Each structure stands twice: as C-alpha cells, then as structure tokens.
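One structure is given here, and the rest of the page talks about it.
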Amino acid sequence: MHLIIAEKNIVAERIAAFLSGKEKVQAVKDGAATHYIFDDTIVMGLRGHVVEVDFIDGYKNWRSADHPPRSLIDADIIKIPTEKKIVGLLQKFSRKATRVTIATDYDTEGELIGKEALELIRAVNTKVVIDRARFSAITREEIIKAISEATPLDFNLASAGESRQIIDLVWGASLTRFLSITAHRGADSILSVGRVQSPTLAMIVDREREIEAFVPTLYWVLTLVTKKDGAELEARHVHGRFTDSAEAKAAYDATKSPLIVTEVITGHKIDRAPAPLDTTALIVGAGRLGISASYAMNRAEDLYMRGFISYPRTDNTTYPKSLKIAEHLKIFSHGAFAGDARYVKEHMRDVPTRGKKETTDHPPIYPTSLAAREDIGDDVSWKLYEFIVRRFFATICIDAEWETMKVNMSASAEPYTITGGRILEAGWRGVYPYSKAEENILPVFTVGETLPLLSKNSEEKETQPPARYTQSRLIQRMEELGLGTKSTRHEVISKLAGRKYIEGNPMKPTIVGRAVTESLEHFAGTITEPTMTKTLEEHMGDIAAGKKPMEAVLSESRKMLAGIFDDLEKNQDAIGHGLMERTREEQIIGPCPVCGKPLQIKRVGSSQFIGCSGYPDCTFNAGLPPATWGNAVKMDEVCEEHKLNHVQLLRKGAPAWKIGCPLCSHIKTNSDAFMLIPGMTAEGIKKLNAAHIYTISELISQGPVPLSQIFGLSRSAAEKYIFDAQGVLGLLKKRTEMKKFISAHVVPRRGRGHSKVSTALISMGVTDIEALAKANPGDLLEAKLSEAEAASLVTDAKNMIDAAKMKEYGVPAITLKKYVNAGLGDPEKFIAVHPAGVSLATGVSVTTICNHQKLVAEKLCRPCPEKISKAAFEEGIAPLREKAGEDVLIPLALAGVYRPAQLAKADAKMLAKVTGIDVKQISELQKYAKKVSE
DNA sequence: GCAAGGTC
278 MHLIIAEKNI
288 VAERIAAFLS
298 GKEKVQAVKD
308 GAATHYIFDD
318 TIVMGLRGHV
328 VEVDFIDGYK
338 NWRSADHPPR
348 SLIDADIIKI
358 PTEKKIVGLL
368 QKFSRKATRV
378 TIATDYDTEG
388 ELIGKEALEL
398 IRAVNTKVVI
408 DRARFSAITR
418 EEIIKAISEA
428 TPLDFNLASA
438 GESRQIIDLV
448 WGASLTRFLS
458 ITAHRGADSI
468 LSVGRVQSPT
478 LAMIVDRERE
488 IEAFVPTLYW
498 VLTLVTKKDG
508 AELEARHVHG
518 RFTDSAEAKA
528 AYDATKSPLI
538 VTEVITGHKI
548 DRAPAPLDTT
558 ALIVGAGRLG
568 ISASYAMNRA
578 EDLYMRGFIS
588 YPRTDNTTYP
598 KSLKIAEHLK
608 IFSHGAFAGD
618 ARYVKEHMRD
628 VPTRGKKETT
638 DHPPIYPTSL
648 AAREDIGDDV
658 SWKLYEFIVR
668 RFFATICIDA
678 EWETMKVNMS
688 ASAEPYTITG
698 GRILEAGWRG
708 VYPYSKAEEN
718 ILPVFTVGET
728 LPLLSKNSEE
738 KETQPPARYT
748 QSRLIQRMEE
758 LGLGTKSTRH
768 EVISKLAGRK
778 YIEGNPMKPT
788 IVGRAVTESL
798 EHFAGTITEP
808 TMTKTLEEHM
818 GDIAAGKKPM
828 EAVLSESRKM
838 LAGIFDDLEK
848 NQDAIGHGLM
858 ERTREEQIIG
868 PCPVCGKPLQ
878 IKRVGSSQFI
888 GCSGYPDCTF
898 NAGLPPATWG
908 NAVKMDEVCE
918 EHKLNHVQLL
928 RKGAPAWKIG
938 CPLCSHIKTN
948 SDAFMLIPGM
958 TAEGIKKLNA
968 AHIYTISELI
978 SQGPVPLSQI
988 FGLSRSAAEK
998 YIFDAQGVLG
1008 LLKKRTEMKK
1018 FISAHVVPRR
1028 GRGHSKVSTA
1038 LISMGVTDIE
1048 ALAKANPGDL
1058 LEAKLSEAEA
1068 ASLVTDAKNM
1078 IDAAKMKEYG
1088 VPAITLKKYV
1098 NAGLGDPEKF
1108 IAVHPAGVSL
1118 ATGVSVTTIC
1128 NHQKLVAEKL
1138 CRPCPEKISK
1148 AAFEEGIAPL
1158 REKAGEDVLI
1168 PLALAGVYRP
1178 AQLAKADAKM
1188 LAKVTGIDVK
1198 QISELQKYAK
1208 KVSE
C-alpha cells in the first residue's frame, strides 16, 4: 500500500483527486482526521505540526529550586504528540505501508513537518521506503510529476527548522520564567519574552518614546488664489515649508501683482498596476476596509475552505505559470463582476504584474471561483472577497496613464506653482477603487499671460509627531524586518494585547509593556532586536546547506543565552524592583479625595474596586462592576474635577466598558440612593460629598453630631436623617435581593437582559421579592415576561417568601424542605392542616409537626391546631393502612380524619368535597372502618 | 503557566 502524507486535509483531498484519475476516491471520516482511499493508495492530511517540542519531565514547576529558569538552557528536549488521533492514524497506516511519500508544503517548515512524520513512521516501521514529493502548485501536472519524481527527505533542511524550534523554546521559556518570577507575577499576568514578540513590542515602545520626545516646530505654507476661465485656482509657493518666520513673512510681503505665467510643462506618467496579493498586502487592504488583521485572516481562511479563494497564507507575489490567466478570467464572465471582467478583457496586459517575491509553497492570493453575494453570507467576507477579485483584475490590467501639468508663475518675484493631472488611460484603475487618485484638470495656460492675484495666504502649521502603528502598518514593518511569518504576524499582535503589553488601535504600549522592554533592552538586548531573527536565519541557511551542523548552532546559541543569564542573575533584585515599581503605576489613578494618598485599582477574587493606598488608616473606596464584566484598567484621560484617571473594563471579545472617572461614577450611582431619603436634595448630596461621605452606609456610620454640623441642622433632625437612611438601606438591600432573584429565575433573551426586567419591575413599583410574591402575574407582562414566566415567577417568589417566614419562625431548614416539597411551605396553609396528614405526607413525626405548628401559629397569632400524640396517631392509622393507600389516607388525614371510628361517623359527602376523593370510595372505606371500630 | 510555527 502506498501512503501519501500531506500537510493539511484539503491538500490530501486534492492530491487524491488528481492521482486517482477515473477511479472513485473513498473519503473516510474518522473524527478529527479524514483520509482518502483509491486503488492501493491512502492519502492523509496532517494538521501542520502534529508534535511539539517541550522539556523533559521535571521542568514543569517554575519555582523549583532544582530547576531554576537558567537550567532550561541545557535541559533535554523531547517531542510530544499534540494531535494524538492523527498520529495514531499515521502509525496505523505506516505499519502496513510498502511506500510512504511525504507531500508536505515545499518550504522549511514543511520539510520539518515531514521529518516529524518520518520519525513517527520509523517508530513503528523500520523498513518501509520513505520519499518526499516537492510541488509548487497543487495542480494535476505538478502533483503527478512530484510524486513520480520523489527524492529523499532533505534532513539538513529539516534540521534548520528544528534548530529554530529549539532556540525559540529555550530562549522564550527560560526568559519568560525568569522575568515572571523576578517580578512576582503568575497565572494570568506572566511576562512573556520571545524572539518575535519582544522585538515587535520594542518597536511599539520605541515609537511611543519618539512621540514623547517629539518637539513640534512651527512652519508656514504660502498660497495664493487666482482665476482662469471663471474657475478659482490655488497655487503653492515653490519653497514649500518655510521654517523661518521672517523668511515666510518676507516672501508673503513680496507676493504681489503682477502674476505672470513663466512656464507650462506637460508630462506623461505611468501609474503601475499593483502586484499580486500576499498575506501582508491582504491585511493592509483589509485594514483600509476597516477590518482587523485577525478577523481578516479568519474570514480569508473561511473563504479558502469554501473554495472561493486560494490559500491565504503566502509570501508569494508572483503567479505560477500554471495559472492560465485568460482562462481564469472567464470564470467571472457572468455574475456580480461580469461588467468588470469585460472591461478587464478589453484592457488586459500581456503578462500579469509580479511583486518582489517568488516562493515555492503557495501561489499569491487570488479568487479561485465565482461567488454571488448570497453564497458568501456575511458582509465582511464579501467585502474581502470583492477586494481579492478586484485585486486579481488589477494585476492583469494594463497600467494607468496620466498626463501631468505643471504651471509655474511668478507673483512679482515670488515663484508659485499649480499642478494638475488628467487620466489618459484608466487601465487597472477602472476596476480597482481602493486607492483613489483624483484627477485635477487645469485650464490651458500660455507663457507670459497675466493672471489676477485674488488673495494670498500664509498658513502657520506645526510639525506632527510620528503616528502610532496601526495593525497593518506594524505587520508591514515586521515583514520588512523579517519578524514572524505570514501565518503568525497577526497572532503576535493579539498575543501582545493578551499579555496587556499594548492597547488600543493604533497601538501604544502599557506601562508593563514598556517596563518589560526596558528591562530586556538593558540586560538581554539580543532578544529585543530583529537581528536575532536575521542571524538565526543565516545559521539556518548554513545548516540547510550542510555548512554547519545543527549542534554547533545550538551550542553557540546556548552559550550566548548563558552569558545573558549571568547578567540577569547578577541584577535580579534591581530588575525585580524596577518591574514591580513600574507595574504598580499601572494601578495608580490619582489622589484619594479623603487623604490625598494614591488611589489604586484593586482586585480581590472577581470583585474589584478603587481603594486608598493609605488603607487601613484611610478607608475610602468606590466599587466597580465585578471582573466578569471585564478587568478594570486605567485610561489616559484624567477627570478635571477629581484629578483621577478614567477607568475602563476590558473583556475579550467585547467592546470596552468606559466607566469614566471612578469617583464621578461613584457619586452618580449613590446619589440615586441618597435621593430616596426624604428631604434629601442635590444641594445636600454636595454637602455630604464635600465631607467625603459618598454612600448611605457612610452617612449612617457618621453619627448625629458630625452630621448635624455638615447640614447645619439640629441633632434630632440629624438623627431622623440617619433613621431614614437606615430605612433606605434596608429597601436597597431588598432591591438587590430581588435583582438576584430575577437573574436566577428569568432566562435572558435578546433585548431582555436581567437588568432590563428588574428595572421594569422596579418602575412598576415591584421593588422587592415580597411585592413580587403578592403581584398579579397579569400585571407583570409589561416587564417583557410571558404569561407562563410571570406566573411561575410569582409562584417562585411566594415560595421563597413563605420559606423565609417559616425559617424566621423557627422551622429548621431540613424539615422545612420536606414541608415545601409536600406543598405546605405557606405558613397559613401549614397551620390549617391536621398534623396527622402532614406526617403522612412528609414522613416527619407528628410530635415534631405539632411543635412546628405551635411555633408558626403563635407568630401568626392564630389558635394552635389540634395536638396529637405519636401513639394515638399510630394506633389510629394502622388499621386504615390495611385497606387504603397513601393517595387516599393523606387527604383524609390532612382534613383531620385518621381514626376508623372518626371515619365511620363522618358525613361521606362532606368528606368527599373537602378531600376530593370519590364518594363511593369513601363509603366503601366507611363500611370497613365501622367494622374495625366496633 | 513559557516560544514560534504549522493548521481548524
């Protein structure tokens, strides 16, 4: 059997289709892995790397004394399967195979993935022939040729990849552990370090430093307005920016009539069509469409999987020869782009454009099939697809051509100029609206003609600091510097954001991000420089070419890292203090309104709040929504009034919740509560806030004397305030309880969250659970509840109130549960029934029940129900049990009938009515009871 | 709990 291994499932599927010819391919789906069978061949796809490098056992614990971060430098490394199912399948087929062909992507990483597969195969089959097929396009001809001309695996090339894996792991893991431990950070706040992420972060930090160090300077731009053929035109002074104000002033003053045309130059300009799309260009284009890098890649992956575009992870900007352009264009001759395709056909260039790079693994990104708007689904995917289609069109269209015009003139002696342009041939611009170039058609001027000088202007401007990086600009820069790959660049940005090293778009570093970069620059500069990647790539080239063994490169790298650790360990205390000091700043938001010491964002478990660093001497604090709504993070904006930084809550996948100034928000939330106190005014709240009383509980704990001073009131008036405030506090507690109750009992739906329901109920006057229990379900429909929901909500509320009352009266929780289960949770109902029945229904002894009924009756000021002894109950019920089941005995006993004699004497009709039991059945039972009682 | 690189 011939086993063929591809890097991914989709390639396996296509290889099978090409090789099978007319033979039918059987696709076998086995959970995570699919394989394809025809003749005596099996084609299976891997999932990229199916194994991962890691340290041998014993290095798991970061804080182990035996294995400190430094020891990772020389720790043994093993490969661990990460895709167990695929590895299992691969080894199962390998045992039976007579030939294995590795057909992974044609690049270094593909060779390494191939070697990983080879090692897995060799572990179970030492003899089978293993060869390697190399193809640069997934077409029938290429694939068939590559398989028939398969060569041995290139172990040197695979080793080059392996050295990268090991160096990245060793440097990344050891430095990450060192820094995190040194700064006392753990769990979700580790400080990560890596060959790609650290230089990328350093670029963002550098840019921020440039912005901070930037000193704006003034400059002046001179323009004048003239008129020709009825149209006003603006001309610029040819000097451009004047940096000297005196010079600008002199030129301005010298700008006078007559204004005479001195020169008219017309030219011709070629406006080249863009190159084919690679991943970076796709991300840049998506960025212009307002799509983030990660989301663009996510949608592109989806378009690829559905067959609309070619593989989206590529560095290639040259179409393969196998792509027949004219043929391919025909795909679009109908559908949404039919008109554009016709235009392209009429404006086609001989050979498509090509970019700087030509690689062997994948073609540039181009549309592989026609899709209609409704095939695609979401708007973003469609925008992206349209962009890819139009870019493809642009790359096969002729260049655009412009006629350029330049009119030089002289105002007295000052030289001015007007430039314009006219499209002679639109070419690719006719189908590619993403980079606009405006035409500016000028009237015809002649040399020597005099123009009117309508006005002149000297505009004062300021030089601007460099701009922060946008995602796409950063990805372009990373590509220029060789950082990361087409598949990973956008992920690096997400990683930096996830570590809270950077924030916002355009991106800026956080204090932590800056502190980490600065520590690394100081003590482990190598890892913050793109040069590390450059050097690594050179070494990888040497290994691939067989000029250097992998071991030599690894030991050199390890030696270098050990040198860095010498430095790091010597300065460990200083690094730790520095990092902790700096990262503490991230939490400080300004002065405490009470004592002036720094206020901090604090977190205990999932609850977070603003607290004073002077605690416990100063107890000022202001609550924030719990961390489930997002982590509280300091912002740059500062509140004018309180001099506190604004705060926002950040949660993955959700827009930021901007709290604003936490003190303003604290005051606002609590003023609603203050206003519930009778007689309270906005003026009164201001007085309270001025005395640093922000909440009702703070008011209550004031004591009447200080409060009377604050308000300028008598002591007794202040006492009344406190009393009323206590009432409001109780009310608010009940409100909170009800909100909790609602969120536990109402299923949230679109447009109807828990808080919406609660707010609606409160505005209807249903402010606590007790009110809810007494409410008429029909009245609750306004709160967006269905009839069934309203009814069950009221029942639940009533049950809860009942249970709370019974508990308060002294019924223990376990027994109470039994009463509730029997439907006797309502105190009124509980004392209205006979203990014998309760006992039968719940299994609780009659004595206990009598005690409980007495407790409840006393609290409700009702007469106590009949008390019976256990013996009397047992004696009475025993004979009846012979003849009747529980379904009959319980209702009878609840009505007080539990002895034969009693039953015999009772009025059958009445009893039937009270218990709901059939009269005939009662009469039957009575006959028996008579007999027994005689 | 760590990197970067594949792929879903």
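Each residue of the first sequence is one higher than the last, beginning at 278 in my numbering.
Every residue, glycine too, gets a C-beta built ideally from N, C-alpha and C.
A quick note: this is a predicted structure, and the numbers were derived from the prediction, not measured.
Check, Outcome
"Helix, strand or coil at Tyr620 according to DSSP, with G and I counted as helix", "helix"
"Check whether Thr591 and Ile642 have beta carbons under 8 Å apart", "yes"
"Start-end ranges of the beta strand (DSSP E) lying completely within the stretch 460-488, minimum 3 residues", "none"
"Alpha helix (DSSP H) segments (min. 4 residues) lying fully within the stretch 345-397", "361-373"
"Classification of Met827 by the beta-carbon crowding that lies within 10 angstroms, buried from 16 upward", "buried"
"C-alpha gap between Ile673 and Leu647, whole angstroms", "17 Å"
"Complete alpha helix (DSSP H) runs within the stretch 935-1011 (minimum length 4 residues, chain order)", "939-951, 959-967, 973-977, 981-988"
"Strand pairing of Gly544, partner residues [DSSP]", "Thr681"
"Cα-Cα separation between Met784 and Glu487, rounded to whole angstroms", "14 Å"
"Option nearest Glu716 by Cα separation, candidates Glu737, Glu739, Val724, Thr681", "Thr681"
"Rounded straight-line distance, which links the Cα of Ser749 to that of Ile350", "35 Å"
"Cβ neighbours of Arg706 in the same chain (closer than 6 Å, five flanking residues each side left out)", "Ala677"
"Val684 to Glu524 span [Cα, whole Å]", "24 Å"
"Touch test, the stretch 394-406 against the stretch 333-348, Cβ-Cβ under 8 Å, three pairs minimum", "no"
"Presumed contact (8 Å Cβ cut-off) between Val871 and Cys895, rounded CB distance", "6 Å"
"For Lys306, the residue or residues it bridges with in DSSP", "Thr311"
"6 Å Cβ shell around Cys1141 - same chain, five flanking residues per side excluded", "Lys1131, Ala1134"
"Supposed close pair Glu511, Val724 - CB separation, criterion 8 Å", "At roughly 20 Å, the Cβ-Cβ gap does not stay under 8 Å, so Glu511 and Val724 are not in contact."
"Own chain partners of Leu367 with C-beta closer than 6 Å, once the 5 adjacent residues on each side are dropped", "Leu397"
"As assigned by DSSP and simplified to three states, the class of Gly322", "strand"
"Ser712 classed as buried or exposed, judged by whether at least 16 other C-beta atoms fall within 10 angstroms", "exposed"
"Straight-line Cα distance separating Val561 from Arg791", "26 Å"
"Proximity of Leu731 and Lys526 at Cβ, strictly below 8 Å", "no"
"Local Cβ density within 10 Å of Arg1176, reported as buried at 16 or more and exposed below that", "buried"
"Where Arg1176 sits in the DSSP three-state scheme", "coil"
"Rounded C-alpha distance that separates Ser413 from Leu600", "12 Å"
"Nearest-angstrom Cα separation, counted from Val789 out to Ala294", "52 Å"
"Best match in Ser466, Cys1127, Trp934, Lys777 for proximity to Ala905 [C-alpha to C-alpha]", "Note that residue 905 is Thr in the sequence shown here, rather than Ala. The shortest Cα separation from Thr905 among Ser466, Cys1127, Trp934, Lys777 belongs to Trp934."
"Cα-Cα separation between Lys1106 and Pro955, rounded to whole angstroms", "38 Å"
"Boundaries of the beta strand (DSSP E) in which Ser884 is found, first to last residue", "884-889"
"Given 8 Å, three or more beta-carbon pairs between the stretch 1089-1099 and the stretch 1114-1123", "yes"
"Ala1099 (DSSP reduced to helix, strand or coil)", "coil"
"Terminal residues of the beta strand (DSSP E) in which Lys1136 lies", "Looking at the DSSP string, Lys1136 is not in any beta strand (DSSP E); the run it does join, the alpha helix (DSSP H), is 1123-1136."
"Same chain, Cβ closer than 6 Å to Ala1276, neighbours up to 5 away in sequence not counted", "Lying outside 278 to 1211, the shown extent of the chain, residue 1276 is not represented and no answer is given."
"Cα-Cα separation, Arg880 to Leu845", "31 Å"
"Every unbroken beta strand (DSSP E) within the stretch 1036-1114, with a cutoff of 3 residues, ordered by chain", "none"
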